[in-house]
Amino acid sequence: MIDALIGGTLHAAAEQKTGQAGKPFVVCKVRTPMQSGEALFVNVICFDKAAGAALLALHAGEPVHIAGTLTPKVWTPQQGEPRPVLDMQAHAVLTAYAVQRQRKAAADGKGALEPKND
């Protein structure tokens, strides 16, 4: 497995599912642009509650960056050339909404570093 940070857009809305043990998880597909102009699809699964909630808050087409473990694979359609595909187990999610919240919190004095007065 590879530790990676990917960026792209959500291909379709994320879905919450429940495993056989009754634990919830989130799945989605991220369309990641490549240098050639084509796109690579990343199948994402997320067991972390906070990261899963961030994915569920997004709509199709919204930008997202995801950190986690990446596994490269090959997908071969019934008729056609084999294509690369990536599977990722997400550990952290960064969206434009999270950045806006962090900036607002820093501006309000919450989360901003206070200078020490000795």
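The sequence shown begins at 396 in the working numbering and counts up one residue at a time.
A virtual CB, placed ideally from N, CA and C, is assigned to each residue, including glycine.
- Pairwise C-beta distances place the segment 419 to 428 in contact with the segment 437 to 447, as three or more of them are shorter than 8 Å.
- When rounded, the separation of the alpha-carbon atoms in D503 and G447 is 27 Å.
- Membership of L450 in the alpha helix (DSSP H) is indicated by the continuous run 444 to 451.
- With respect to the 8 Å criterion, Q484 and G463 are classified as neighbours on the basis of their beta carbons.
- Where H406 is concerned, there is no enclosing beta strand (DSSP E), because DSSP gives it neither an H nor an E.
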